[in-house]
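What follows is a single structure, written as structure tokens, with notes after it.
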Amino acid sequence: MIGLLRRAMAVLPARNLWVNPDCGLKTRQWLETQAALAQMVAAAKALRTEEAR
């Protein structure tokens, strides 16, 4: 997830980048969905911390 976000940040300013859980969550079980969302949140937080430095 962080790798994908970094690739996006190479072509878009960070202020224009949104992490959006748009794909595939409706067809997953709750535990799988929860894990995917937790990864998205963790990746966004990590990159925000990096950008703030």
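Counting along the sequence shown from 1, when you hit position 24 you're at 35 in my numbering, and nothing is skipped either side.
Where is the CB? At the ideal position from N, CA and C, for every residue including glycine.
Small disclaimer: the values here were computed from a predicted structure and weren't measured.
Return helix, strand or coil for residue i, following the three-state DSSP convention.
i	result
A21	coil
N31	coil
Identify the continuous alpha helix (DSSP H) that holds residue i and give its terminal residues.
i	result
Q45	W41 to A63
Kindly list the residues whose CB is nearer than 8 Å to the CB of residue i, restricted to its own chain and excluding five residues on each side of it in sequence; keep chain order.
i	result
L39	It should be noted that the sequence gives Arg, not Leu, for residue 39. So the qualifying residues of the chain are A47.
L28	L16, A19 and M20
Shortest alpha-carbon distance to residue i belongs to which of the options?
i	options	result
M12	A63, T60, M51 and K56	M51
C63	R26, V22 and G14	Note that residue 63 is Ala in the sequence shown, not Cys. Per the Cα distances, R26.
For residue i, collect the residues of the same chain with a Cβ closer than 6 Å to its Cβ; drop the 5 residues on either side in sequence, then sort them by chain order.
i	result
V30	M51 and A55
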